[in-house]
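Counting in this note's numbering, the sequence shown runs from 243 upward without gaps. Just so it is clear, CB atoms sit at the ideal spot from N, CA and C, and this is done for glycine as well. Please read these numbers as outputs of a predicted model, since none were measured by experiment.
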Amino acid sequence: MMTRTERERRRPWRGAARLAIASLLIAGTGSAVGCLDRPIAPNDPRTTSTIVERLTQSAVDKIDLLLAIDNSGSMADKQDILVRAIPDLVQGLVDPRCIHLAGTQAPRRADPNTGQCDEGFQREFEPVRDIHIGIISSSLGGHGATSCAPVETTSLSNNDMGRLIARSGHNVGTNDLETYLDRGFLAWDPEQKLDPNGTPGVADPGDGEADIDGSDTNADLNSTSLVEQLANMVKGTVQSGCGFEAQLESVYRFLVDPEPYLTIEVDEKGNAIPKDVDTTVLEQRKQFLRPSSLLAIIMLTDENDCSIREEGRNHYVANTSRSFRMWKPRQECATDPNDKCCLSCNQKHPDECGVDPTCTGPDGNPARLSEEEDPVNSRCWDQKRRFGFDFLYPIERYKKAFTEATIETRGGDLVQNPIFMDLDETDDDSSIRDPALVFFAGIVGVPWQDIARQNAAGEPDLLNGLNADGEPVGGFKNADELSVPPTVMDGGSYANTWELILGDPANHVPPKDPFMVESSEPRSGANPITGDRIVQPSETGSNEINGREYTIPQSNAGDLQYACIFDLPEEQDCDTQSQSCDCRLADPGELNDNPLCRPEGNGDPAQPGDRTSIQYKAKAYPGLRELQLIRDLGAQGIVGSVCPKQLDNANAPDFGYRPAIGAIIDRLKTVLGGQCLPRTLTLDNQKKAPCLILEARNTGGNCNCDQAARTPVLPEHSQAEKAVRNLDIAKASGWDCVCEIQQLEQEQADVCRTDLNDNALLNGQPVDGWCYIDPSIKVGNPDIVAGCPPTEQRIIRFMGEGKAQQGATLYISCSGE
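So, in structure tokens, the structure goes:
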């Protein structure tokens, strides 16, 4: 029986294939194996099959990890929880657990002195020995408006410009924390090999961090440790940034934007015009982002994204002057925001739309909303319905950024996407990452109950929730599990969890979970999964998700009802807090029935009415735009809840953000570790699989396929080669060399199928190439696939020089479909 962690690690990327007859994924630096999603009939590869499927390279040896942290008000409590999760994140990557091969013993750590697992155990994946870790904030200023300008007396972090931050605290204007070569990010380098002028294994001035945590040692020449310094950097993000949180655009600006602006000017017509190029961002990107790394973005935020388009008059929505109000929308917007006549009253309308009498104000000008209808702190939700215009960048912008080889400039020209190009041609890393090596994880506003795996009783259960195989692994659902119908209590029929937590944004259909509906007014209904009912402000009662709805004070300039709330580790008195606090009213005479605030008298949270200024809970709003991107990215997207289940038992698997970090590590393990095959291939009488494997890479004009385990592509396979060379990523990567990797035959194939050594010899000669192993049809050694789930104990194995070369991308084409 397998351990539940190992089962999850070995689960293939079902649903990830987009191009292929058969999908295969390889990863890891130990045994190179692959996965196929369907059976293939016996046949030799032939040119009638010109569809190819990408394989992830098997030599992922570095990670670039970007933490995108919301630094607006109310984020300090979430940042503190993230700090407590950093050891899980770091240890999970640099010191992966040892898994019992037979599955009868619990996972354990490797020997700290030797780094080796005990007999009968193996690593989940090889430790990652080269990691860049950087932090950016959500603050990009007012996007052309005067709001959120950096001010020394209030906040210097209103506009961090998408640059790396490593500061020690509030109103620190520069990166004053020690980072790798003062570049603004940390570098994990236990082998002390990053210094190009140094000696590998010997601490040199240009080497990175070699101490994981605890006291500083002589393993490196700096005075810090990775966990401690990363924790300091997260704390230094603070919560004094801009309230128009541009979480997604900040990531885009740092990683992708080919011409990040330096300033924004507003012309005499009110149009925002980006000016010049921020060379600091470009230089930081060049130093941080390696072309062949696994790129992982982890976003932490408690609000919906508000990435305002930096063009035209979109900045009007960020004008927070109390004398300024947005224009009314036409009446069509209330019933169908997609109606062609749903426009702002300040826009010219098509003749067929006719005149909307509500669009003319008392002064004869386009009508504007009232202060009650347009509070300045609530401008970023449901914009098309409320204003007749969407001021935000479309989510498609960010999906393309993480998946496509080319992107548009400000002027609309197509250029290479920096994520898929070599930004530093002076170093020795010229390989281009595969899009399958880009991951986006969001720890966002969504009830943990909605995305947790459910136990046999249908209850959300972070400890014993069942995975797709019915095993009690706990944790959050992965992309496949989010895409199937959940178990619900309301008797409804839902296509998938996304229908509950996201709805259909393209058609302005709200989520079916009322807790995920953005609204300033009290909502109604019940959570379909738990049955928790929304409690109105005047009612007696409380629920486990957001407590209850509340009366939003007019003096607060706007707010939304909460998606979820959770207990603060330490209560705070908002009357004495200078930083953001949710139980302090601008007008003390107004009603405070906020569920974040401790109740009066006996402290019963079920009682309606006024509450104290003591804040004892924290909140999150529906993170719909972040969730939309995660959904659209499919297997490359990972979701976690910013509202933890509990903060009392630090050793429990459901503590804080441990489930979210666990979901991230589990997803990355499918690339860093090996994969297994869910179905059996039908072989020929020589036990050969009917598949062709091609290796594509950029050799700088030095292509050579006449080497171990490789041959030039045969004429009869030319269509498969052509299909590879015509891919967008091939052009962006400059692939000039496509070779076949040979499938082993006869005695060499037998060695591949039976010998546990990945670099085995036959008669003193190396065995180089690949073979198919499936003990269920008496092909291969069962010990080689012992780490696979019982129903998936088969692999494609690469031996010796048959493994993917560093920086190469592999493709498979199988015939017989």
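Distance between residue j and residue i (C-alpha atoms, nearest Å)
| i | j | result |
| --- | --- | --- |
| Q696 | G606 | 58 Å |
| S762 | I794 | 7 Å |
| W623 | A862 | 14 Å |
| G478 | G712 | 42 Å |
| E741 | G865 | 14 Å |
| G943 | P954 | 15 Å |
| N891 | Y635 | 41 Å |
| L810 | P752 | 29 Å |
| M403 | T522 | 10 Å |
| R1039 | I935 | 12 Å |
| D817 | G411 | 22 Å |
| S565 | G386 | 18 Å |
| P447 | R350 | 35 Å |
| V913 | L679 | 8 Å |
| L537 | V370 | 13 Å |
| G1060 | G554 | Since the first and last residues shown for the chain are 243 and 1059, residue 1060 lies out of range. |
| D852 | Q691 | 28 Å |
| S1057 | F897 | 48 Å |
| Q819 | V726 | 45 Å |
| L335 | F486 | 33 Å |
| F681 | V993 | 36 Å |
| K304 | Q888 | 33 Å |
Cβ-Cβ distance between residue i and residue j below 8 Å
| i | j | result |
| --- | --- | --- |
| I685 | M541 | yes |
| P689 | Y736 | no |
| H591 | R610 | no |
| D209 | L531 | Examination of residue 209 is not possible in this model, given that the chain is present from 243 through 1059 alone. |
| G716 | L704 | yes |
| L504 | D518 | yes |
| P786 | P764 | The identity of residue 786 in the sequence shown is Glu, whereas the question assumes Pro. No, the Cβ-Cβ distance between E786 and P764 is not below 8 Å. |
| N413 | S389 | no |
| C979 | T924 | no |
Reduced DSSP category for residue i - H, G, I as helix; E, B as strand; rest coil
| i | result |
| --- | --- |
| V688 | coil |
| V980 | strand |
| M568 | coil |
| F427 | coil |
| G942 | coil |
| Q434 | coil |
| H557 | helix |
| V326 | A small fix is needed here, since residue 326 is Arg in this sequence, not Val. Here R326 sits in helix by DSSP. |
| W740 | helix |
| Y503 | coil |
| Q990 | helix |
| F633 | coil |
| A391 | coil |
| R952 | strand |
| S300 | Note that S300 scores 48 on pLDDT, short of 50, meaning its location in the model is unreliable and no value can be drawn from it. |
| N785 | strand |
| F682 | strand |
| N285 | Bear in mind that the predicted position of N285 carries a pLDDT of just 34, short of 50, making it too unreliable to give a figure here. |
| V777 | coil |
| V751 | strand |
| K511 | coil |
Terminal residues of the beta strand (DSSP E) in which residue i lies
| i | result |
| --- | --- |
| Q364 | F363 to R365 |
| C1013 | G1011 to I1015 |
| M1041 | I1037 to M1041 |
| I807 | C806 to D815 |
| K859 | R853 to A862 |
Proximity test, residue i beta-carbon vs the ligand COA heavy atom, cut-off 7 Å
| i | result |
| --- | --- |
| I903 | With respect to the ligand COA, the structure offers nothing, as it holds no ligand at all. |
Element boundaries [alpha helix (DSSP H), containing residue i]
| i | result |
| --- | --- |
| S1055 | Per DSSP, S1055 belongs to no alpha helix (DSSP H); it is in the beta strand (DSSP E), T1051 to C1056. |
| Y494 | Q489 to L497 |
| K911 | R900 to L914 |
| R639 | E638 to T645 |
| D874 | L866 to D874 |
Using 8 Å as the threshold, is the stretch 870-883 in touch with the stretch 773-784, meaning 3 or more CB pairs across them? No, they do not touch.
Is the stretch 1034-1054 touching the stretch 1006-1016 in the sense that three or more CB pairs, one from each, lie closer than 8 Å? yes
With three or more C-beta pairs closer than 8 Å as the rule, is the stretch 327-338 touching the stretch 466-474? yes
Quick check: the stretch 411-430 against the stretch 582-589, are there 3 or more CB pairs under 8 Å? The stretch 411-430 is not in contact with the stretch 582-589.
Measuring CB atoms only, is the stretch 634-653 touching the stretch 543-563, in the sense that at least three cross pairs come out at less than 8 Å? The stretch 634-653 makes contact with the stretch 543-563: 3 or more CB pairs, one atom from each, lie closer than 8 Å.
Is it the case that the stretch 946-963 contacts the stretch 973-985, given that we only count it when at least three CB pairs across the two stretches are under 8 Å? yes
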